[in-house]
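Those letters in the sequence shown? Residues 1 to 331, per full-length UniProt numbering, in order.
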Amino acid sequence: MPPVLMILDSSAYQTTLLIEPLEVSGLKKEIVQISAGYHHSCAITVDGELYTWGKNSNGQLGLGKKAENVVPVPTKVECLSGINIKMVALASEHSIAVTDGGQALSWGGGGSGRLGHGHQSSLLGFFRSSSEYTPRHIKKLEGVKVKNIAAGLLHSACIDENGSVYIFGEKAVDKLAFGDANNATTPSMIGKLPYSQEVACGGYHTCVITSGGELYTWGSNENGCLGNGSIDVLHIPERVEGPFLRSPVEKVSCGWKHTAAISEGNVFTWGWGGSHGTFSEDGLSSGGQLGHGDDFDYVNPTLVAFEKKMKALEVSCGFNHTGAILESVDA
Numbered sequence: 001m002p003p004v005l006m007i008l009d010s011s012a013y014q015t016t017l018l019i020e021p022l023e024v025s026g027l028k029k030e031i032v033q034i035s036a037g038y039h040h041s042c043a044i045t046v047d048g049e050l051y052t053w054g055k056n057s058n059g060q061l062g063l064g065k066k067a068e069n070v071v072p073v074p075t076k077v078e079c080l081s082g083i084n085i086k087m088v089a090l091a092s093e094h095s096i097a098v099t100d101g102g103q104a105l106s107w108g109g110g111g112s113g114r115l116g117h118g119h120q121s122s123l124l125g126f127f128r129s130s131s132e133y134t135p136r137h138i139k140k141l142e143g144v145k146v147k148n149i150a151a152g153l154l155h156s157a158c159i160d161e162n163g164s165v166y167i168f169g170e171k172a173v174d175k176l177a178f179g180d181a182n183n184a185t186t187p188s189m190i191g192k193l194p195y196s197q198e199v200a201c202g203g204y205h206t207c208v209i210t211s212g213g214e215l216y217t218w219g220s221n222e223n224g225c226l227g228n229g230s231i232d233v234l235h236i237p238e239r240v241e242g243p244f245l246r247s248p249v250e251k252v253s254c255g256w257k258h259t260a261a262i263s264e265g266n267v268f269t270w271g272w273g274g275s276h277g278t279f280s281e282d283g284l285s286s287g288g289q290l291g292h293g294d295d296f297d298y299v300n301p302t303l304v305a306f307e308k309k310m311k312a313l314e315v316s317c318g319f320n321h322t323g324a325i326l327e328s329v330d331a
């Protein structure tokens, strides 16, 4: 396939569209976790080092102000030397990580308060850039041991060791009318949730799995992405019930306006299938991210049918696509 010219931040880069997986060079150590945002990626090594690469227009790579707007190869985040990173989550323009001691750090585009650092201003009181070019501890979470994190389009969330859920980002409050509007740019605890284990953030919606395998969703419900049978906004967490998820939910992931979950080894998806409300770039559309063979919207969790018996181990949603790790099951 011929090279395609991409224009990123007024700088021209030659790249090739890949239709098959290609090994990423430059990562010499064993990798224990990877994460991908809209235009950037990262990897954590077995000894807790963080490498990032891709678009860096808002400092989302954490490499400092002098880093290029596009970094084409995995580059170690040197300012984290000596700090073991356990988990990382990437969104469109920002990144969040957790150390092995449970400290939360964030960096990148801070618009809408999605970094959790509060409003940014200079010493003279004038507004300054909300971007953070290197990882910064989230001050309001000092003393809180974080065990899970998630990054959405314009908001972020985390779970502490006590199973409490925190959320931050002005758009989550302005658009969805939940949370503390006066403290939307710093983490606020979401009440009325059982002990929580996993959290996922989408475009404007959030999902949580409790210790008992119950799935709770809230936020924007465009195209039925909350899975409760409607398209009405939910201002508080509500359990997803019905005959669709009879067994405990093990994994959940959110895309822009769709959601995927694993229950008893089966993959369920719901939300926007691409039929309308299309988000497009350069005239290109999306569809089929639910895996049901059509581009319809599904407002309830719907089983994804595979050609043969498979057990799902992991599931992950991109902006408008979905992937899963499966293993064959003997009949």
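Each residue gets a CB set at the ideal place from its N, CA and C atoms; glycine is no exception.
It should be emphasised that the depicted structure is a prediction, and the values quoted were computed from it without experimental measurement.
In chain order, each beta strand (DSSP E) run of at least 3 residues that lies wholly inside the segment 56 to 95: Annotation note: the segment 56 to 95 contains the following uninterrupted beta strand (DSSP E) runs of length 3 or greater, listed N- to C-terminal: 70 to 76 and 85 to 90.
Three-state secondary structure assigned by DSSP to leucine 141: Working through the sequence shown from its first residue, we reach residue 141 at position 141. Note: leucine 141 maps to helix in three-state DSSP.
Rounded separation between lysine 311 and valine 267 - CA only: Working through the sequence shown from its first residue, we reach residue 311 at position 311. Working through the sequence shown from its first residue, we reach residue 267 at position 267. C-alpha separation (whole angstroms): 9 angstroms.
6 angstroms CB neighbourhood of histidine 321 in its chain, flanking five on each side removed: Here residue 321 is taken as the residue at index 321 of the sequence shown, counted from 1. Correct list, in chain order: Gln289.
Within the segment 170 to 249, ranges of the beta strand (DSSP E) (whole runs, at least 3 residues): 188 to 190, 196 to 201, 205 to 210, 215 to 219 and 234 to 239
Any 3 or more C-beta pairs closer than 8 angstroms across the segment 258 to 266 and the segment 150 to 162: Contact between the segment 258 to 266 and the segment 150 to 162 is not established, with fewer than three Cβ pairs separated by less than 8 angstroms.
Rounded straight-line distance, which links the Cα of alanine 97 to that of methionine 189: For the purposes of this step, residue 189 is taken as the residue at position 189 of the sequence shown. For the purposes of this step, residue 97 is taken as the residue at position 97 of the sequence shown. Cα-Cα distance, rounded: 19 angstroms.
Whole-angstrom C-beta distance between alanine 89 and alanine 150, which should lie under 8 angstroms: Start at 1 with the first residue of the sequence shown, and residue 150 comes out as number 150. Start at 1 with the first residue of the sequence shown, and residue 89 comes out as number 89. Sure, about 5 angstroms apart at Cβ, within 8 angstroms.
Of the listed residues Gly291, Gly191 and Lys309, nearest to glutamate 327 (C-alpha basis): Reading the sequence shown from its first residue, position 327 is the one you call residue 327. Looking at the Cα atoms, Lys309 is the closest of the given residues.
Cβ neighbours of serine 316 in the same chain (closer than 6 angstroms, five flanking residues each side left out): The residue labelled residue 316 in the question sits at position 316 within the sequence shown. The answer, listed in chain order, is Ser253 and Gly323.
Short Cβ contact (7 angstroms threshold) for glycine 26 with valine 73: For the purposes of this step, residue 26 is taken as residue 26 along the sequence shown, with counting starting at 1. For the purposes of this step, residue 73 is taken as residue 73 along the sequence shown, with counting starting at 1. A contact, by the Cβ cut-off of 7 angstroms.
Unbroken beta strand (DSSP E) run spanning glycine 271, endpoints: Here residue 271 corresponds to residue number 271 of the sequence shown, with the count starting at 1. Run containing glycine 271: 266 to 271, per the beta strand (DSSP E) assignment.
C-alpha gap between glycine 297 and tryptophan 272, whole angstroms: In the sequence shown, counting from the first residue as 1, residue 297 sits at position 297. In the sequence shown, counting from the first residue as 1, residue 272 sits at position 272. In the sequence under discussion, the amino acid at residue 297 is aspartate, which differs from the glycine named in the question. The alpha-carbon atoms of aspartate 297 and tryptophan 272 are separated by roughly 5 angstroms.
Span separating the alpha-carbon of leucine 153 from that of leucine 63: To locate residue 153, count along the sequence shown from 1; it is residue 153. To locate residue 63, count along the sequence shown from 1; it is residue 63. Roughly 21 angstroms between the two C-alpha positions.
Status (buried if at least 16 other CB within 10 Å, exposed otherwise) for serine 247: Sequence index remark: in the sequence shown, residue 247 carries index 247 (1-based). Result: exposed.
Exposure of glycine 82, with buried meaning 16 or more beta-carbon neighbours within 10 Å: Position 82 of the sequence shown, counted from the first residue, corresponds to residue 82. Per the 10 Å Cβ criterion, exposed.
Distance CB(threonine 52)-CB(lysine 29) smaller than 7 angstroms: For this step, residue 52 is matched to residue 52 along the sequence shown. For this step, residue 29 is matched to residue 29 along the sequence shown. No. Outside cutoff.
Own chain residues within Cβ distance below 8 angstroms of arginine 136, not counting five before or after: Mapped onto the sequence shown, residue 136 falls at position 136. Only Leu105, Ser106, Trp107, Leu115 and His117 meet the Cβ criterion.
Continuous beta strand (DSSP E) stretch holding lysine 308: start and end: For this step, residue 308 is matched to residue 308 along the sequence shown. According to the DSSP assignment, lysine 308 belongs to no beta strand (DSSP E), since it is labelled neither H nor E.
Valine 329, buried or exposed, once every other Cβ within 10 Å from all chains shown has been counted against 16: Sequence index remark: in the sequence shown, residue 329 carries index 329 (1-based). That one is exposed.
First through last residue of the beta strand (DSSP E) which encompasses glutamine 33: Here residue 33 corresponds to residue number 33 of the sequence shown, with the count starting at 1. Start and end: 31 to 36.
Within 7 angstroms, strictly: CB atoms of valine 299 and glycine 219: In the sequence shown, the residue the question calls residue 299 occupies position 299. In the sequence shown, the residue the question calls residue 219 occupies position 219. Their beta carbons are not under 7 angstroms apart, which means valine 299 does not touch glycine 219 by this criterion.
When Gly291, Pro237, Cys225 and Glu68 are compared against residue 396, the one with the closest alpha-carbon: In this structure the chain extends from 1 to 331, so residue 396 is not present and cannot be described.
Of the residues Gly203, Ser57, His94 and Asn221, the one placed nearest serine 35, counting alpha carbons only: Taking the first residue of the sequence shown as 1, we reach residue 35 at position 35. Here the closest residue by C-alpha is His94.
Assigned secondary structure, serine 328 (DSSP; H/G/I helix, E/B strand, else coil): The residue you call residue 328 lines up with position 328 of the sequence shown. Three-state result, serine 328: strand.
Rounded C-alpha distance that separates valine 70 from leucine 50: The residue given as residue 70 occupies position 70 in the sequence shown. The residue given as residue 50 occupies position 50 in the sequence shown. Near 17 angstroms, if we compare the C-alpha coordinates of leucine 50 and valine 70.
Reduced DSSP category for serine 25 - H, G, I as helix; E, B as strand; rest coil: On the sequence shown, position 25 is the one that residue 25 refers to. In this structure, serine 25 counts as coil in the three-state DSSP scheme.
Beta-carbon proximity of glycine 110 to serine 92, cut-off 7 angstroms: One-based indexing of the sequence shown puts residue 110 at position 110. One-based indexing of the sequence shown puts residue 92 at position 92. For glycine 110 and serine 92, no; Cβs fall outside 7 angstroms.
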